[in-house]
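Everything on this sheet refers to the single structure shown next.
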Amino acid sequence: MSVGVTAVGYVAATGDRYRAIAVSSECHRVKGGTACTARVDRPDGTLLVDDLSVKSRMKTGEKVDVVEDRAGIVAPHRADVLDPDALPVDLALLAASAALLAGLFGWSA
């Protein structure tokens, strides 16, 4: 779980934000409900390689705010699902874990 939150926090803090335009969309029945995805174009007209998870089926031409990792490591996310506080919490947990390990193994800076 922590890795996922860290990735989302990273994208929220450093990703490119823009309004994308839906090219196509589909929904599938999954255990517990429905999962929908959309293929979207960036503002420059290039297709975003990854499908974007969306709340419901989008109409062609409909716009959605997207945050995309410049490096392409983390999948794009809708801007409305990102937690801007995720990164600081994960960094604090990482620092605490590092300090604990340093104490256990006698490492010092």
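Heads up, the sequence shown is in this note's numbering, so the first residue is 12 and it goes up one at a time. Virtual Cβ for every residue (Gly too), placed ideally from N, Cα, C. The structure presented is a predicted model; accordingly, all values stated were derived computationally and were not measured.
Quick check: the Cα distance between residue i and residue j, rounded to an integer number of angstroms?
i: P87; j: S108; result: 28 Å
i: L98; j: T25; result: Reliability of the predicted coordinates at L98 is poor, the pLDDT of 48 falling under 50, and no value is obtained from them.
i: L58; j: K42; result: 29 Å
i: A33; j: A90; result: 15 Å
What residues match up with residue i in a beta bridge as DSSP calls it?
i: K74; result: I32
i: V41; result: G44
i: L111; result: Its beta-bridge partners do not exist; DSSP assigns none.
i: R68; result: According to DSSP, R68 bridges with nothing at all.
Near residue i, what residues of its chain come up, given a Cβ to Cβ distance below 6 Å and the 5 sequence neighbours on each side ignored?
i: G56; result: none
Relative to the C-alpha of residue i, which residue among the options is closest?
i: D61; options: V51, K70 and A110; result: V51
i: V92; options: R53, A33, S64 and M69; result: S64
i: A18; options: P54, G83 and L112; result: G83
i: A31; options: G114, M69 and V85; result: M69
i: V78; options: K66, S67, R53 and F116; result: R53
i: T71; options: L112, G117 and A49; result: A49
i: D46; options: F116, K66, V34 and E73; result: Checking the sequence, you will find Ala at residue 46 rather than Asp. Out of F116, K66, V34 and E73, K66 has the C-alpha closest to the C-alpha of A46.
i: S36; options: L111, G44, K74 and V22; result: K74
Would you please state the rounded distance, in angstroms, between the beta carbons of residue i and residue j? I believe it to be under 8 Å.
i: R28; j: D76; result: 7 Å
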